[in-house]
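Protein chains in written order, with the numbering used here: chain H, 75 to 559; chain Y, 498 to 692. For every residue, glycine included, the Cβ atom is placed at its ideal position computed from N, Cα and C.
Written as structure tokens, this is what we have:
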């Protein structure tokens, strides 16, 4: 028997291998730690994430390289998305430490599962075969279900976990069904071969291919949380412990974007017109439903969930332009979204303490009187989500919308702008509450220094990159082989 | 010819067993019908020259999974009557879905009707072919699947293992070391005055 991969191929997988080895190692080490020493697990986890991120950062290829018999692709998009995923997960864990300790579930498994989820995301991002995409997705989902359910004394968390599990399984089923139909028609799971097979397929296969495509798009929409496949999002976001919500809402979206790009753009580019229309529909529905229903929410976690749905709508706008600059704009959007989502849920964690969740909008009343610095950070986050200049969120929306207009979908851009203006209302309402309403709570905000630094940095990054958006934008543009403007 | 006859016989038994799985009232009987279904499937696989898969199905599913499943069913003592009540209510939906799936499958098979694969040479080894594919070409997905199983194991333990303080049990090593002072406390009390 001969091995079908070489040493140089294994070095491409070095980040994944490092992450997996460290996750297993941490699992073993953690078993021998007492509760007081549990911080070591946390430190090792964070060290692993940083180390892996560095490995990714210093190995950005200029051209796509395939490895492991074509199951694995290493290209600039993979490297960029992996780097940001690792960074976002690192940040999410920074927010988690105090929250988990206060609620007595500061456990090693939480971090180990988080690492495995990250590994799943990296596999998805680098997947070049429908089989690896599916396996990566399952690795991610399985870890996430468990993380949601881990807080066993919380009934809402168990309910959320159950809903997430059932609907997630349904989505995986739909995705698999789509994959099986496509495989039946083309006889291949490899994305390059798939693209060729679809291009050369006879006309009578077209209906069948579209049929499979519908299932694939539904499966992807489920995972992204796009309307009308969004029903799980608000319930899971609200029910899960806030640290887990933070985790689910940020990094996995980067991976979901990656598989969207891999399947639709790399694998099914010949069916472009078909999926473009599907994405337009998903995008309009998501922007509309997300923004309109968010207004009615009194629970901040739920409101941010609907806001996520709306953001997914905007994210799809870039992909559906079917241009390289559009993809770059979408990638910019998803990275920005992940940063904002981190901050938004991070603020809820900051204001919460043992036995009290600051998850209602009214909990933010008069935050300015209690602590003007955090009120300022929250204002930055909300303005950015609403898309007000000069915050980062504005540039994200602008870049996506300008691409939509350039490709001639002016009506779509108009709809997107109208919904963005409607959406601004509920973000601004929070700012109003923080600055112009009397505080109901007078307790000073207590948080460990690590948390304070992380959340302040989060807000300042959004402000700073908002003032100099070209740094991030040119990164995204060069990823797709475009020179920056 | 005989192969075809055997196939149709097995297929008929398989469909019968599969239908019985969801129609019998007793869950234990349903499990037993499922065993029959698995066994018949493995027979069909043998006809298709997939010996290894056939044997694995019998060993893993019939031998291990279903036996475990039967144990659980017998221990749980679940009353399935309320679950069955909705059978007719969900029947239309279920039937629609099944018919749709059937139509789709026929579509795929009809459109693509490819020639049947050639017979394998007599000396070929199923396991060897499978192993060569699995451990060379498919080694990357194979390893990921292994990681998924590891995560499933961690998840199951993390969700069900209760910390010690929640369960009550004796600690004999501490019981035998008990001293008089641990159980008995002597206190000084003023003697009660006599009436």
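**Message:** For a cutoff of 9 Å on Cβ pairs, would you count residue 638 of chain Y as touching chain H?
**Reply:** Walking along the second chain from the start, residue 638 of chain Y turns up at place 141. So, interface residue.
**Asked** Between the beta-carbon of residue 319 of chain H and the beta-carbon of residue 419 of chain H, is there less than 9 Å?
**Response** For the purposes of this step, residue 319 of chain H is identified with residue 245 of the first chain, where counting begins at 1. For the purposes of this step, residue 419 of chain H is identified with residue 345 of the first chain, where counting begins at 1. Yes.
**Message:** Output needed for residue 499 of chain Y: all residues of its chain with C-beta closer than 7 Å, excluding positions within five of it in sequence on either side, in chain order.
**Reply:** Position 2 of the second chain, counting from 1, holds the residue named residue 499 of chain Y. Excluding sequence neighbours, residue 499 of chain Y sits near nothing in its chain.
**Request:** Consult DSSP for residue 535 of chain Y and reduce its assignment to one of helix, strand or coil.
**Result:** Working through the second chain from its first residue, we reach residue 535 of chain Y at position 38. In this structure, residue 535 of chain Y counts as helix in the three-state DSSP scheme.
**Request:** Just confirm the distance between the C-beta atoms of residue 249 of chain H and residue 184 of chain H, as a whole number of angstroms; I'd bet it's less than 8 Å.
**Result:** Here residue 249 of chain H corresponds to residue number 175 of the first chain, with the count starting at 1. Here residue 184 of chain H corresponds to residue number 110 of the first chain, with the count starting at 1. No, residue 249 of chain H and residue 184 of chain H are not in contact; Cβ-Cβ is about 27 Å, not under 8 Å.
**Prompt:** Using a C-beta cutoff of 9 Å, does residue 627 of chain Y count as contacting chain H?
**Reply:** Counted from its first residue, the second chain places residue 627 of chain Y at position 130. No, residue 627 of chain Y does not count as interfacial toward chain H.
**Prompt:** Does the Cβ of residue 336 of chain H have 16 or more other Cβ atoms within 10 Å, making it buried, or fewer, making it exposed?
**Reply:** As a working note, residue 336 of chain H is residue 262 in the first chain. Answer is buried; the Cβ neighbour count reaches 16.
**Limits of the unbroken beta strand (DSSP E) element including residue 148 of chain H** = Start at 1 with the first residue of the first chain, and residue 148 of chain H comes out as number 74. Segment 146-148, the beta strand (DSSP E) holding residue 148 of chain H.
**Prompt:** Closer than 9 Å, CB to CB, is residue 615 of chain Y near chain H or not?
**Reply:** Translated into the one-based positions of the second chain, residue 615 of chain Y becomes position 118. Contact of residue 615 of chain Y with chain H is not assigned, every C-beta pair being separated by 9 Å or more.
**Asked** Taking the C-alpha atoms as reference points, what is the distance between residue 593 of chain Y and residue 584 of chain Y?
**Response** Here the question's residue 593 of chain Y lines up with position 96 in the second chain. Here the question's residue 584 of chain Y lines up with position 87 in the second chain. Cα-Cα distance, rounded: 14 Å.
**Prompt:** Name the chain H residues whose beta carbon is nearer than 9 Å to that of residue 596 of chain Y?
**Reply:** Against the second chain, residue 596 of chain Y aligns to sequence position 99. Under the 9 Å cutoff, chain H gives no residues; its nearest Cβ is about 16 Å from residue 596 of chain Y.
**Prompt:** Can you tell me whether DSSP reads residue 34 of chain H as helix, strand or coil?
**Reply:** Outside the displayed range of chain H (75 to 559) lies residue 34 of chain H, so it cannot be described from this structure.
**Item:** C-beta contact flag for residue 456 of chain H and residue 519 of chain H at 9 Å
**Value:** The count along the first chain starts at 1 and reaches residue 456 of chain H at position 382. The count along the first chain starts at 1 and reaches residue 519 of chain H at position 445. Against a cut-off of 9 Å, the Cβ pair of residue 519 of chain H and residue 456 of chain H comes out as no contact.
**Asked** Since residue 146 of chain H meets chain Y, which of its residues come closer than 7 Å, beta carbon to beta carbon?
**Response** As a first step, residue 146 of chain H must be located in the first chain, where it is residue number 72. Those are 637, listed as they occur along chain Y.
**Asked** CA-CA distance, residue 464 of chain H and residue 546 of chain H?
**Response** For the purposes of this step, residue 464 of chain H is taken as the residue at position 390 of the first chain. For the purposes of this step, residue 546 of chain H is taken as the residue at position 472 of the first chain. Approximately 14 Å, taken between the alpha carbons.
**Message:** Is the beta carbon of residue 477 of chain H closer than 9 Å to that of residue 347 of chain H?
**Reply:** Locating residue 347 of chain H in the first chain gives position 273, counting from the first residue. Locating residue 477 of chain H in the first chain gives position 403, counting from the first residue. No, Cβ-Cβ distance for residue 347 of chain H and residue 477 of chain H is not below 9 Å.
**Prompt:** Candidates H/205, H/156 and H/117: which alpha carbon is nearest residue 130 of chain H's?
**Reply:** Residue mapping note: residue 130 of chain H aligns to position 56 of the first chain, counting from 1. Ranking H/205, H/156 and H/117 by Cα distance to residue 130 of chain H puts H/156 first.
**Request:** Take residue 461 of chain H and list the residues in its own chain whose beta-carbon comes closer than 6 Å to its own, dropping the five residues that flank it on each side.
**Result:** For this step, residue 461 of chain H is matched to residue 387 along the first chain. Excluding residues within five positions, the ones whose Cβ falls inside 6 Å are 467, 468, 471 and 494.
**Request:** Report the neighbours of residue 436 of chain H on chain Y: residues whose CB is nearer than 7 Å to its CB, in chain order.
**Result:** Counting from 1 along the first chain, the entry for residue 436 of chain H is found at position 362. Near residue 436 of chain H there are no residues of chain Y at all, since even the closest Cβ is about 34 Å away, more than 7 Å.
**Item:** Through-space distance from residue 511 of chain Y to residue 75 of chain H, alpha-carbon basis
**Value:** Walking along the first chain from the start, residue 75 of chain H turns up at place 1. Walking along the second chain from the start, residue 511 of chain Y turns up at place 14. With a pLDDT of only 44 at residue 75 of chain H, under the threshold of 50, the placement of this residue in the model should not be trusted; the figure read from the coordinates follows. In a straight line, the C-alpha of residue 75 of chain H is about 38 Å away from that of residue 511 of chain Y.
**Message:** Counting only Cβ-Cβ distances shorter than 7 Å, please list the residues of the region 643-655 of chain Y near chain H, keeping chain order.
**Reply:** 644, 645, 648, 649, 651, 652 and 655
**Prompt:** By the criterion of Cβ-Cβ separation under 8 Å, what are the contact partners of residue 542 of chain H in chain Y?
**Reply:** If you number the first chain from 1, residue 542 of chain H lands on position 468. Simply none; closest approach about 39 Å.
**Whole alpha helix (DSSP H) elements within the region 366-443 of chain H, 4-residue minimum** = 374-394 and 398-425
**Item:** Reduced DSSP category for residue 509 of chain Y - H, G, I as helix; E, B as strand; rest coil
**Value:** Working through the second chain from its first residue, we reach residue 509 of chain Y at position 12. If DSSP states are grouped into helix, strand and coil, residue 509 of chain Y belongs with the helices.
**Asked** Using the rule of at least 16 other Cβ atoms within 10 Å of the residue's Cβ for burial, across every protein chain shown, is residue 689 of chain Y buried or exposed?
**Response** Walking along the second chain from the start, residue 689 of chain Y turns up at place 192. By the 10 Å Cβ count, residue 689 of chain Y comes out exposed.
**Prompt:** Candidates H/278, H/487, H/507 and H/424: which alpha carbon is nearest residue 65 of chain H's?
**Reply:** Nothing can be reported for residue 65 of chain H: it is not among the residues displayed for chain H, which extend from 75 to 559.
**Asked** Under a CB-based cut-off of 9 Å, is residue 624 of chain Y close to chain H?
**Response** As a first step, residue 624 of chain Y is located in the second chain; it is residue number 127 there, counting from the start. No, because no Cβ of chain H sits closer than 9 Å to the Cβ of residue 624 of chain Y.
**Request:** Could you check the C-alpha separation between residue 239 of chain H and residue 616 of chain Y for me, to the nearest Å?
**Result:** For this step, residue 239 of chain H is matched to residue 165 along the first chain. For this step, residue 616 of chain Y is matched to residue 119 along the second chain. Distance between the alpha carbons of residue 239 of chain H and residue 616 of chain Y is about 43 Å.
**Asked** Comparing the C-beta of residue 641 of chain Y with each C-beta of chain H, is any distance below 9 Å?
**Response** Translated into positions along the second chain, residue 641 of chain Y becomes position 144. The C-beta of residue 641 of chain Y comes closer than 9 Å to at least one C-beta of chain H.
**Close Cβ partners of residue 515 of chain Y (< 7 Å) along its chain, the five nearest in sequence each way excluded** = Against the second chain, residue 515 of chain Y aligns to sequence position 18. Same-chain partners within the cutoff: 534.
**Request:** Would you mind sorting residue 197 of chain H into buried or exposed? The rule is 16 or more other CB atoms within 10 Å of its CB.
**Result:** Here the question's residue 197 of chain H lines up with position 123 in the first chain. Flag for residue 197 of chain H reads buried.
**Prompt:** Alpha carbon to alpha carbon, what distance is there between residue 166 of chain H and residue 323 of chain H?
**Reply:** Counting from one through the first chain, the residue named residue 323 of chain H turns up at place 249. Counting from one through the first chain, the residue named residue 166 of chain H turns up at place 92. Each residue's alpha carbon lies about 10 Å from the other.
**N-terminal and C-terminal residue of the beta strand (DSSP E) that residue 140 of chain H is part of** = Here residue 140 of chain H is taken as the residue at index 66 of the first chain, counted from 1. Unbroken beta strand (DSSP E) run through residue 140 of chain H: 139-141.
**Buried versus exposed call for residue 363 of chain H [16 or more other C-beta atoms within 10 Å across all chains shown]** = To locate residue 363 of chain H, count along the first chain from 1; it is residue 289. That one is buried.
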